[in-house]
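Going by my numbering, the letters in the sequence shown line up with residues 4 to 346, in that order.
Think of the CB as a built atom: it goes at the ideal place given N, C-alpha and C, for glycine as much as any other residue.
In what follows, a single structure is set out as structure tokens and then discussed.
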Amino acid sequence: MTILVTGGAGFIGTHTLVELDAADHSFVVVDNFSNSSQKALTAVEKITNKPICFFDVDVRNEEALQQIFENQAAAGRPITTVIHFAALKSVSESVSHAVRYYDNNIGGLLKLLGAMTKSNVNNIVFSSSATVYGDPEALPFEENHPVRPKNPYGHTKAMAEQILDDWAKQDKKNKAIALRYFNPIGAHPSGIIGEDPNGVPNNIFPYITRVALGHLPWLNIFGNDYSTVDGTGVRDYLHVVDLAKAHELSVRYLEKSSEGFFKAVNLGTGTGTSVFQLVQSFELQCGVSIPYQIATRRNGDVSSAWANPQLAKNLIGWTAKLSIADMCRDGWNWQYKNPRGYN
Ligand code: NAD
Ligand code: WQD
């Protein structure tokens, strides 16, 4: 059995490849390197000590995907499951380039499902996001919370889940898990792979590590007047290595299930951490001080978000094990050793 990993050169993809290898799964990677570099795959090879079979292919190229499925089957290594990471993920860019986001994220999923259907590949793990929930009616977020995304990026994730639900209903062999990630941060403890965003980061953790390096002068904290423990926004940060392991467990669950289904599953720790708490933990773990300024609230931000991760435990046997301190230490280890990322 072989797994096709789309977007395998990205932040979460690379960490997942390491966990798949550790659990003795074979995989092939498809990526168009629109938000990553082949150097990320070379770095994974340094950890696994094995060459990676990858295809520089866009997931919107259905024929190329079908060819990969056929070639793998002909070589006696049929693909049985797909982990679909490939997507564009910037909330702000999705507002200014909405059609590009629908084309890439929805167009890509439709072509992938088309190729899978033609090649009788029936299992998919999909990268969804807690962003599908929008403003919380109650916390923690349960999977049955209404889905009300607030931006085009979130809409692509919610639509993709609906498509997968319908795809699962069209053939009882089809099985799909949509993993709703909360806020993945940190890096592999080796410091060989990690998050490498282009330009000025949108997300808080890579922003903090760049302030720590001195590449950015200070952190702007978007609001200190929320009704939270200290006024700053609260999120459910989870270690990317924990997150990666959930994909391996999801593959196992899909492969052993006989009935077709679609399920959406939260992946978080179940604990909220404020911006101030994250900054303090980073300073303590890494011995670097993070200058900051209080800025106005960021448009579209919710005050607080954290998961109920019970379903992940019941269904795939996953719980997050690593702490905020681990996330800070490992994320800083990566950034410190690779101040220019993979370049
Ligand atoms: P990333 O940008 O690092 O990785 C995505 C990878 O997909 C990149 O290597 C990119 O080159 C590739 N890609 C994009 N479009 C493609 C296409 N059309 N064809 C082939 N390859 C393509 O992002 P990530 O942080 O690793 O996120 C992975 C997935 O998880 C995405 O679907 C993202 O929306 C989702 N997600 C991420 C977060 C987060 O905070 N990082 C949170 C929730 C959900
Ligand atoms: C976290 C907290 C900010 C930056 C986003 C996407 C979501 C998902 C993960 C893909 C908030 C505050 C941030 C900064 C700050 N991605 N902050 N200064 O917004 O929870 O989620 O990434 O699916 O879809 O929306 O994460 O890291 O941007 O923000 O004060 O420079 O940090 O206000 O409270 P967010 P984030």
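Exercise for the section: Alpha carbon to alpha carbon, how far is T120 from G110? Give it in angstroms, no decimals. Expected result: 15 Å
Taking N186 and S95 to be in contact with their CB atoms under 8 Å, please state how far apart those CB atoms are, rounded to whole angstroms.
Not a contact, Cβ separation roughly 16 Å.
DSSP state of S277, grouped into three classes?
-> strand
| query | Are the beta-carbon atoms of M330 and H242 separated by less than 8 Å? | reply | yes
Between the Cα of I224 and the Cα atoms of G189, K160, G236 and A310, which residue gives the shortest distance? G236
Please state whether DSSP places V135 in a helix, a strand or coil. helix
Considering only the beta carbon of each residue, do L257 and K178 sit closer than 8 Å? yes
Would the stretch 278-296 and the stretch 209-220 be scored as touching if the rule is three or more Cβ pairs under 8 Å? yes
- Run through DSSP, which three-state label would D34 get? strand
| said: Report the CB separation of S97 from Y184 in whole angstroms; it is logged as a contact under 8 Å. | reply: That pair is no contact at about 16 Å.
Identified DSSP bridge partners for N126:
T84 and K178
Practice task
Pair every Cβ in the stretch 119-133 with every Cβ in the stretch 290-297, then say whether three or more of these pairs are closer than 8 Å.
Solution key: no
Open item on the list: Considering just the uninterrupted stretch of the beta strand (DSSP E) at G298, what are its terminal residues?
Closed with: In the sequence as presented, Gly is not what sits at residue 298; that position holds Ala. Unbroken beta strand (DSSP E) run through A298: Y295 to A298.
query: So the alpha helix (DSSP H) D24 belongs to, where does it begin and stop?
result: F14 to A25
| request: Using 7 Å as the cut-off, classify the Cβ of I71 as near or not near the heavy atoms of the ligand NAD, replying yes or no. | output: no
message: Nearer than 7 Å: is that true of the beta carbon of N302 relative to any heavy atom of the ligand WQD?
response: no
### Query
With a cut-off of 8 Å, do at least 3 Cβ pairs link the stretch 44-55 to the stretch 69-81?
no
For K324, is the classification buried or exposed, using 16 other Cβ atoms within 10 angstroms of its Cβ as the cut-off for buried?
exposed
#### Entry: Residues that DSSP places opposite R183 in a beta bridge
S131 and N269
Practice item. With D169 as the anchor, note down where its alpha helix (DSSP H) starts and where it stops. Key: P155 to Q173
Exercise for review: Taking H250 as part of the alpha helix (DSSP H), name the residues at either end of that continuous run.
Suggested key: V243 to K259
inquiry  = Under 7 Å: does the beta carbon of G13 sit that close to some heavy atom of the ligand NAD?
reply    = yes
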